[in-house]
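Going by this note's numbering, the sequence shown opens with residue 10, and the numbers climb by one from there. From the three backbone atoms N, C-alpha and C, an ideal C-beta is built for every residue, glycine too. Here is the structure we will look at.
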Amino acid sequence: MLSTLLSRIGELNPQLFREVKGRCQLRNLAIAVIFSSTVQLLLYLLFNSRLPSKFETFHRYCTGVIPTDWQGYTQIPLSRDRFCQQDAFGYLLPETLNWHLWWLDLFVSLSIIGIFVLLVGGTYLLVADLSKESHRRTLGFIRLSPQSPQSIVFGKMLGVPILLYWLVALALPFHLTAGLKAEIPLPLILSFYALSLVSCFFFYSAAILYGLIGTGFGTLQALGSSSVILGFLALMTWRFFGDSGEIISFSPADGLIGLYPGAILPYLISTTPHSLDTIGYLNVKDFVQLTWFNWHLFDRASGMMVFAIANNLLLTYGVWRGLKRRFHNPNIAIVSRLDSYYLSGCAAVILLGFTVQHHVWQHDDYRLYYNFSILSVVTLIAFLGLSFALSSQPQTLQNWARYRHQMRQNPRNLLKDLLWGEKSPATLAIALNLLIVASIFSIGIFVFPFKTYRIPALLGLGVTVSIILIYTSAIQWILMLKTPKRSLWALLTAAIAISLPLASFALLGIPVHGSGAWLWLFSAVPVLAAEYIRPSTILISLLVQWSAIALIHIGFAQRLRKLGESSSPTISV
10 MLSTLLSRIG
20 ELNPQLFREV
30 KGRCQLRNLA
40 IAVIFSSTVQ
50 LLLYLLFNSR
60 LPSKFETFHR
70 YCTGVIPTDW
80 QGYTQIPLSR
90 DRFCQQDAFG
100 YLLPETLNWH
110 LWWLDLFVSL
120 SIIGIFVLLV
130 GGTYLLVADL
140 SKESHRRTLG
150 FIRLSPQSPQ
160 SIVFGKMLGV
170 PILLYWLVAL
180 ALPFHLTAGL
190 KAEIPLPLIL
200 SFYALSLVSC
210 FFFYSAAILY
220 GLIGTGFGTL
230 QALGSSSVIL
240 GFLALMTWRF
250 FGDSGEIISF
260 SPADGLIGLY
270 PGAILPYLIS
280 TTPHSLDTIG
290 YLNVKDFVQL
300 TWFNWHLFDR
310 ASGMMVFAIA
320 NNLLLTYGVW
330 RGLKRRFHNP
340 NIAIVSRLDS
350 YYLSGCAAVI
360 LLGFTVQHHV
370 WQHDDYRLYY
380 NFSILSVVTL
390 IAFLGLSFAL
400 SSQPQTLQNW
410 ARYRHQMRQN
420 PRNLLKDLLW
430 GEKSPATLAI
440 ALNLLIVASI
450 FSIGIFVFPF
460 KTYRIPALLG
470 LGVTVSIILI
480 YTSAIQWILM
490 LKTPKRSLWA
500 LLTAAIAISL
510 PLASFALLGI
520 PVHGSGAWLW
530 LFSAVPVLAA
540 EYIRPSTILI
550 SLLVQWSAIA
560 LIHIGFAQRL
570 RKLGESSSPT
580 ISV
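Given below as structure tokens:
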């Protein structure tokens, strides 16, 4: 039966057949069954041990009310309705236990474990598999396969983590039973499954793209990528379940909620027959306050689902555009120039919507400026990544420079080539992306009530744009060098350029509001000091920064010109 199923899979998708055949051995499947069953049993026993013992008077899962003649100690008012009723022999009455709440806690725990297993484990397996393919030199043969890139990627995505899927599938009956026992409506449970699938589709697509780009680092590459996902999930889980109770930050960071499958869980919990105070976590009332451009999109589960699925699908579409580009041609840029313009515009609008939430500025206009500072940092990080995604290989740039040198009598199309071409330097395209983002942010600064912080916000935006241009231009220069691990060198250079000034300010005790505040204008977060510095000082810093940008680009152009001149004679002979 298994061989028949594999043969059918081979007819539909040969790559999937190749992956499944090597992993779906009876021994592996049996081990997965034993492991999944053991974990489920241990989790059940763990929660069973959390039930109140006969010696406990008050407990989370007890539903009794304190008798009027009670003379013992109680933590009023927290334990008044959590009295553990006992029979004449001193044993707890099972019918007085809050079994719905017990099943709900078990359901939520299983949900969080499943999210971590699928996203962290799947990412590691996919990146490690591509690293192994590259080490064995079979990745090139896969690229030369007559199968379409979509077929091969789907084969990898479905086949490599097949045992992981089997582990999770074995736990689904237990998870579904826990949800139904907690009286969560079946459609909402299915919506959690749907959002988890969409999230897996995005993260797995990104993992495959990263695996195709960064081959050569072996296991370290897989550990690094899965660690990033683990950190993201841990941070989001801590926000949702932490003691601070601040699920919503009313800042651009709220945009990350759409990438977290557990974001739908508060809506599931709100339908159970318990008060939110009794449950004690994932209060859906926090999400009701969340807005996007003052639109209450998250007051219902349907709004959260639409936002989360749309975000994941939009990002997945961009990742798949990069997959199609890099699959057969590893030397081409990950993102096309046109796609980058659309991507920058969409990302700027989405993040601006969370920056200017009405809850932020209705009581404190400084909070709006503070959110804008966070948005500036996010923009810097995003453009550092975009600089890598738009860069071409050094040989491609050399060929382009040689072509421009030979065709220098017809320079009319140079601007068009720099903005839309695939082989030209990406510096002007990055500048246009930055102009798009800065224009959208500027509109937001004028439309929303920044009040006395409007001028500092505009000047801070201008300085941030200059700093980003300096960093990205330096990255482009390093990526043009024909040195091994140039991407790693560019990344380290950017990290040092960002962290060194901030570390120096911290060690020397230079605050953003002191006499040395002007130094912050040359750091990665100049907007923090913009409100404390005179506009004339900021304009002088802009003049200095644009002079540095001009010098970098002059050197960049001279380097390209030399590359074109040095390689032209070998071609013309």
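Just how far apart, CA to CA, sit A215 and I549?
42 Å
Just the C-alpha distance for H144 and F249, rounded to the nearest angstrom, thanks.
40 Å
Backbone CA spacing between A262 and E192 [nearest angstrom]:
So the two alpha carbons sit approximately 32 Å from each other.
Keeping to the same chain, check which residues put their C-beta closer than 8 Å to that of G271; ignore five residues upstream and five downstream.
S120, I121, I124, M245, T246 and F249
If you reduce the DSSP assignment to three classes, tell me which class Q94 lands in.
coil
What are the residues that DSSP puts in a beta bridge with C71?
L106
Does the beta-carbon distance from L324 to P158 come in below 8 Å?
no
H184: buried (16+ other C-beta within 10 angstroms of its C-beta) or exposed?
buried
Pairwise C-alpha distance: S345 and S451
26 Å
Euclidean distance between Cα positions of M489 and I479
Put simply, the backbone Cα of M489 is about 16 Å away from that of I479.
Does the Cβ of Q485 have 16 or more other Cβ atoms within 10 Å, making it buried, or fewer, making it exposed?
buried
Is I171 near the ligand GTP - that is, is its Cβ less than 7 Å away from at least one heavy atom of it?
The ligand GTP is not part of the structure shown, which contains no ligands of any sort.
Contact defined as beta carbons within less than 8 Å: I believe I217 pairs with L139. What is the distance between those atoms, to the nearest angstrom?
7 Å
On the CB-based measure, 16 or more other CB atoms within 10 Å of its CB, does A178 come out buried or exposed?
Burial call: exposed.
With a CB to CB cut of under 8 Å and the five nearest residues on each side skipped, what residues in its chain are close to Y133?
Apart from sequence neighbours up to five positions away, the residues of its chain that approach Y133 with a beta-carbon distance below 8 Å are A231, L232, S234 and S235, ordered along the chain.
Does Q567 come out as helix, strand or coil in the three-state DSSP assignment?
Q567: helix per DSSP, three-state reduction.
Does the region 434-443 come close enough to the region 453-468 to have 3 or more Cβ pairs within less than 8 Å?
no
Go through the region 137-222 residue by residue and report every complete run of the beta strand (DSSP E) that reaches 3 residues or more, in order.
Listed in chain order, there is nothing to give.
Within the continuous alpha helix (DSSP H) that includes D263, where are the two ends?
Here D263 belongs to no alpha helix (DSSP H), and DSSP marks it neither H nor E.
Tell whether a beta-carbon distance below 8 Å holds between E278 and V293.
According to the sequence as given, residue 278 is Ile; it is not Glu. With respect to the 8 Å criterion, I278 and V293 are classified as neighbours on the basis of their beta carbons.
Assuming the contact rule is C-beta atoms closer than 8 Å, G469 and A356 should be a hit. Round their C-beta distance to whole Å, please.
Not confirmed; about 19 Å, so no contact.
Residue of Y269, L268 and I445 minimising C-alpha distance to D348:
If we check each option's Cα against that of D348, I445 comes out closest.
Beta-carbon contacts of V582 that lie in its chain and below 7 Å, excluding the five residues immediately before and after:
Legend: pLDDT at V582 = 34, less than 50; position of this residue unreliable, value from coordinates given subsequently. The answer is none, since no qualifying residue turns up.
Determine the extent of the alpha helix (DSSP H) in which P535 is found, giving its start and end residues.
Careful: P535 lies outside any alpha helix (DSSP H) and carries neither H nor E.
How far does the alpha helix (DSSP H) with L399 in it extend, from its first residue to its last?
D374 to L399
Here's the rule I'm using: 16 or more other beta-carbon atoms within 10 Å means buried, otherwise exposed. How should V456 be labelled?
Answer is exposed; the Cβ neighbour count stays below 16.
Where does W304 land, buried or exposed, given buried means 16+ other C-beta within 10 angstroms?
exposed
Contact check, A41 vs S200, beta carbons under 8 Å
no
Shortest alpha-carbon distance to Q554 belongs to which of W498, T473, L569 and I256?
T473
For S524 and L443, I'd like the C-alpha separation in whole angstroms.
31 Å
From this set, L189, F210 and I341, which residue's C-alpha is nearest V129's C-alpha?
F210
Start and end residues, alpha helix (DSSP H) containing S311
Where S311 is concerned, the enclosing alpha helix (DSSP H) starts and stops at A310 to H337.
Taking its Cβ as the centre, do 16 or more other Cβ atoms sit within 10 Å of L50, making it buried, or is it exposed?
exposed
What is the rounded straight-line gap between the Cα of H367 and the Cα of L537?
22 Å
Tell me, to the nearest whole angstrom, how far the beta carbon of P61 is from that of C93; I am working on the premise that it is less than 8 Å.
5 Å
Would you report the Cα separation of N408 and L569, rounded to the nearest angstrom?
10 Å
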